[in-house]
Each structure stands twice: as C-alpha cells, then as structure tokens.
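Protein chains: 2
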Amino acid sequence: MLNQIAASEDLVFFRPHQFLTRENERPDALFDIVEGWACRHRLLSDGRRQITALYLPGDLCDPLWSLTSTCNEPVVALTNIRATRRTLNVADGYILDRQKGFSTRLAESVERQSNWLVSLGRKTAVERLAHLLLELFERMRRAGLAYGQQCALPLTQMDIADATGLTAVHVNRTLQSMRSKGVLELHSKWLRIPDLGALRDLAALGPNDAV
Amino acid sequence: MLNQIAASEDLVFFRPHQFLTRENERPDALFDIVEGWACRHRLLSDGRRQITALYLPGDLCDPLWSLTSTCNEPVVALTNIRATRRTLNVADGYILDRQKGFSTRLAESVERQSNWLVSLGRKTAVERLAHLLLELFERMRRAGLAYGQQCALPLTQMDIADATGLTAVHVNRTLQSMRSKGVLELHSKWLRIPDLGALRDLAALGPNDAV
DNA sequence: CCAGTGAGTTAGCTTATGTTAGCGTCGGGA
DNA sequence: TCCCGACGCTAACATAAGCTAACTCACTGG
Numbered sequence: 334m335l336n337q338i339a340a341s342e343d344l345v346f347f348r349p350h351q352f353l354t355r356e357n358e359r360p361d362a363l364f365d366i367v368e369g370w371a372c373r374h375r376l377l378s379d380g381r382r383q384i385t386a387l388y389l390p391g392d393l394c395d396p397l398w399s400l401t402s403t404c405n406e407p408v409v410a411l412t413n414i415r416a417t418r419r420t421l422n423v424a425d426g427y428i429l430d431r432q433k434g435f436s437t438r439l440a441e442s443v444e445r446q447s448n449w450l451v452s453l454g455r456k457t458a459v460e461r462l463a464h465l466l467l468e469l470f471e472r473m474r475r476a477g478l479a480y481g482q483q484c485a486l487p488l489t490q491m492d493i494a495d496a497t498g499l500t501a502v503h504v505n506r507t508l509q510s511m512r513s514k515g516v517l518e519l520h521s522k523w524l525r526i527p528d529l530g531a532l533r534d535l536a537a538l539g540p541n542d543a544v
Numbered sequence: 334m335l336n337q338i339a340a341s342e343d344l345v346f347f348r349p350h351q352f353l354t355r356e357n358e359r360p361d362a363l364f365d366i367v368e369g370w371a372c373r374h375r376l377l378s379d380g381r382r383q384i385t386a387l388y389l390p391g392d393l394c395d396p397l398w399s400l401t402s403t404c405n406e407p408v409v410a411l412t413n414i415r416a417t418r419r420t421l422n423v424a425d426g427y428i429l430d431r432q433k434g435f436s437t438r439l440a441e442s443v444e445r446q447s448n449w450l451v452s453l454g455r456k457t458a459v460e461r462l463a464h465l466l467l468e469l470f471e472r473m474r475r476a477g478l479a480y481g482q483q484c485a486l487p488l489t490q491m492d493i494a495d496a497t498g499l500t501a502v503h504v505n506r507t508l509q510s511m512r513s514k515g516v517l518e519l520h521s522k523w524l525r526i527p528d529l530g531a532l533r534d535l536a537a538l539g540p541n542d543a544v
C-alpha cells in the first residue's frame, strides 16, 4: 500500500508543439520542467481550443492529472523545453511522495484551476488578462525568474487567448488598452508590471485569493 | 505517515443556503451526501457568483479540496440535505483512504473540473447547457436516481446560470429554444431527455469525453 | 384572506466580444 | 537573396449574450 517515487530521472528535451504526454495514455511519469513553458489543452472538433493549465520552469507536470488513470488532455510544449522525467510507482491509484512538496503542488493546482473557472465563467476580458498575467508573474517570481517587476512571458497572443477563453484579436485590443493606461508593458515575450497593486485591482480578486 | 479514515460518522442535516463548510476553514471532515444537492461557489465583490462544483446524492464533498490545507470556497446547500460527516486524519497534507473508491472520485473531480473549464472558456450557451444537463443526468443515473430518461433536477435557473457562467435570463431563453426543439423537457425541478444522442451532439463533446 | 417572496417568463435595448480581412514585420530555410 | 509562415496589429462589421424591467404564477406565513 505504500508507494514511492522511483529513482529514475532522465533529462529530456522538447521543441515547440511537441507532446510531452498524449491523450488516452496512462501517465507513468511526471515531468519536472527545468526550462521552458508547456501547457495542457483540449481541442474541440471545430478547432476551438482551451488551455487548461500552464507549466512554467520548476513546475511539476502534472500533479493533478497523475491521480487519474487515463487522461484526455495532452500536454504540449510552447517553447523549447528541458525537463527531467520522473517515473512513479502508482499502486491502486494512490500516490505518495515523501521527498518533495508534492501535496503542496497538488493544492496549488486545485486552487489555480478553481481560480481559472471563476475567471472564465464570470470575469471580463480585462479582469481575465490582469489575473492571468499576475498569476504568471507571481509564479515566475517564486521560481526565482523575475527581475524586479519584470519577467519572461513566451506566450503568443493566441496562447493567451486560448488560456483566457477570448479571441486573439480581442486579447490584442485589450492589451493595447491596458498598455495605454500604463498598467502593464508586454512586448517581445517580455512582461513588465509597473504597478502590481493597480493590476491586482483590475483582476477583481477576492480578499482571500492568492496571487 | 500512514493515515486513516476515522470511524466517526455523524448524520447531519442542512437547509437551503446553509453552509456545509466555510471559507478559510481547515477541512477536517468530508460530507457524504445521502440526500439533496449542494454546491461549491465563489462570490466576487460586486455580487457575481460562479459555481465551481455541484454535489449530488452519493457524492463526497469534496475529495479535491480535501487536499488543500485551507479552502477559499464555501460549500452551501441548494436543497434540504441529509449527509454523513466523515472526519479525516490528515497528516502532512496526505490523504489515504482504504475503504471506498476515494481515488476514483478524485479522478472524476479532476476530469469534471477540466470539462467545466473547456465549457466556460470555449462553448456557447446551448453547448454549456447541454453539457451540464447531460452530466447531471448521467451522475443521477449512476447514483440510481434516474428513471428511464428522467431525473430530479432541483436547481433554479439562477443556479444553472451561475454554474454555466451565463445570466438567468439567457439560461431561460436558451432552455426555451431547446425545449421548442424537443431535445429536453425541464419543469418543476424535473428533467426529461427524450433523445440522449441529440443532446450529446449539442454538447460539442469530444470523442474521448465521458458523459 | 391578503401580502410578500421567489421563481419563471418575455420584451426591448445595449454592449462586450467574435468574425473577417488586411497590413507590416520578422526570422528561418532553401 | 527571396520566399513563406508566424506573429502582432488594426478596422469595420456581426452577433451572442448581458441588462433592465415588467408580468405571471405558485407558495408561504400571518
């Protein structure tokens, strides 16, 4: 009944659009991203796409879905990626990890997914963008990859659109207007947030919400 | 490091709008709903509400959030509720349950949340409603609470709106149009689906999607 | 018996966001 | 060097969904 993380740790590489994991595959390993970004997404038959999770350097990918036996959402690289592949021993669907903050990451995943649900269900374009960029900046900061108020943000506007449930065109429009109001700068895959507080206000976060 | 479900099992009751769990409380127990419906939701400062999970008879509430130390979304009763309260031993954030299909329920929660994300992010009103009603019917069926093509559905149109990220008015409009097309009947908290296949088509589900 | 409340319904109008199309720039590959 | 495809950007127009408000119909409680 007791499970362990096996010792196996391969270093692996991916290019943009490459799959880290595929649909309908039993996940037997988790990727610990060392460098680069990835996402989990779902494609509808007519081409609509929804990104359901973003993975940044330092992220485990994916604690949540490792709990399921088969997964119907692939994980794809958004940039070049360097990662370590950690195989798991899974018995009876229970997962136990004694060495790293696995359960902490799990809890974060749960909370993030929930935040996204609220965002997609009830927030305006400005609020969604503010929320997303804030979240990403904060995660980069915690990963030690932010420099002052700035960090890398290697997403295309279409990626952002598919994460926020908007269109690329509308993302562009909305970003322009936010730029012109001075609450953020974003060009050539680089994000700067002059005033964290102002952006936080725009994000319509509750008093208890993290980020 | 080994945790157990303690023996404690109290029978508890709730009335509509009563809290099963509150915000910012450390969850030390899970509710097993015997009868009635509940939901988890988030309230924005201006009154907007998003339901992030629905709990039906037979559901555990909530496997996902029991993984976090404190939770920022309350669970409230939507109807009269009878439930058994199961206290947990939680050590270091890990949860282990040897007696019931806890991990199966966990996996289902993860998948449902993900489905909802796609729905809220990328689907039209008709698709969202078809998807939600289909999911609820299927869950009722599996709980042994469906009778042929029918089941109870004790949600108000506003509840449905807050689950699907729409307005009550628009839910009403859309339901009307679906009714007039004969793909569903819904009155006095009772749902009938004359043609499961037709509704499935409207829901824009992928080939791998459950429900 | 009536007043009050919550729910469903419908209509008219408004608006945020989607759609389509086109332009310019950049960088990589042949 | 020259394509060619991604990407960012913009404008004009289309539409799904939001907003407000009113009316009805149960129910419930006094």
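Protein sequence lines, in the order shown, are assigned to chains A and B.
So in the numbering used here, spot 176 of the first sequence is number 509, and the numbers just go up one at a time.
So in the numbering used here, spot 88 of the second sequence is number 421, and the numbers just go up one at a time.
All C-beta atoms, glycine included, are put in the ideal place defined by N, C-alpha and C.
On a predicted model such as this, the values are computed, not experimentally measured, just so you know.
- Item | Same chain, Cβ closer than 8 Å to P349 of chain A, five either side skipped, listed in chain order | A410, L411, T412, N413
- Contacts that E356 of chain B makes with chain A (C-beta to C-beta distance below 8 Å): N541
- Is the distance from the Cβ of L397 of chain B to the Cβ of A371 of chain B below 8 Å? no
- Which residues bound the beta strand (DSSP E) around I493 of chain A? It is not in any beta strand (DSSP E) - I493 of chain A instead sits in the alpha helix (DSSP H) that spans 490-497.
- What residues of chain B sit near T401 of chain A, judged by a beta carbon separation below 7 Å? A440, V443, E444
- Message: Any beta carbon from chain B within less than 8 Å of R512 of chain A's own beta carbon?
- Response: no
- Task: Compute the Euclidean distance between the alpha carbons of S399 of chain B and L363 of chain B, then round it to the nearest angstrom.
- Result: 8 Å
- Message: Count Cβ pairs between the segment 478-491 of chain B and the segment 445-456 of chain B that sit closer than 8 Å; are there 3 or more?
- Response: no
- Work out the CA separation of S402 of chain A and F435 of chain B for me, nearest whole Å. 13 Å
- For the beta strand (DSSP E) that H503 of chain B lies in, which residues bound it at each end? It is not in any beta strand (DSSP E) - H503 of chain B instead sits in the alpha helix (DSSP H) that spans 501-513.
- Output, in chain order, the set of chain A residues within a Cβ distance shorter than 8 Å of Y383 of chain B. Before going on, a small fix: residue 383 of chain B reads as Gln here, not Tyr. Under the 8 Å cutoff, chain A gives L450, V451, G454, R455.
- Is any heavy atom of the ligand FAD found at a distance shorter than 7 Å from the C-beta of E468 of chain A? The model depicted lacks the ligand FAD and carries no ligand whatsoever.
- Message: Nearest by alpha-carbon distance to M511 of chain B: which of B:G498, B:D534, B:R475 is it?
- Response: B:D534
- From R570 of chain A to C394 of chain A, what distance separates their C-alpha atoms? Lying outside 334 to 544, the shown extent of chain A, residue 570 of chain A is not represented and no answer is given.
- Skipping 5 residues on each side, what residues in its chain have a beta carbon closer than 6 Å to that of N405 of chain B? E356
- Less than 8 Å separating the beta-carbons of I366 of chain A and D392 of chain A? yes
- Task: Could you list which residues in chain B have their beta carbon closer than 7 Å to that of G498 of chain A, in chain order?
- Result: L453, G454, R455
- Taking I493 of chain B as the reference, which of B:I384, B:C484, B:D379 has the closest Cα? B:I384
- Check whether the Cβ atoms of L532 of chain A and L517 of chain A lie closer than 8 Å to each other. yes
- Task: Taking C-beta pairs closer than 9 Å, name the residues in chain B that A537 of chain A reaches, listed in chain order.
- Result: L377, S378, D379, R381
- Item | Reduced DSSP secondary structure (H/G/I, E/B, other) of E356 of chain A | coil
- Query: Residues of chain A with CB under 8 Å from W370 of chain B, in chain order?
  - Reply: What W370 of chain B touches in chain A: nothing, since even the nearest Cβ is about 19 Å away.
- Query: Do you know how far the Cα of Q509 of chain A is from the Cα of H503 of chain A?
  - Reply: 10 Å
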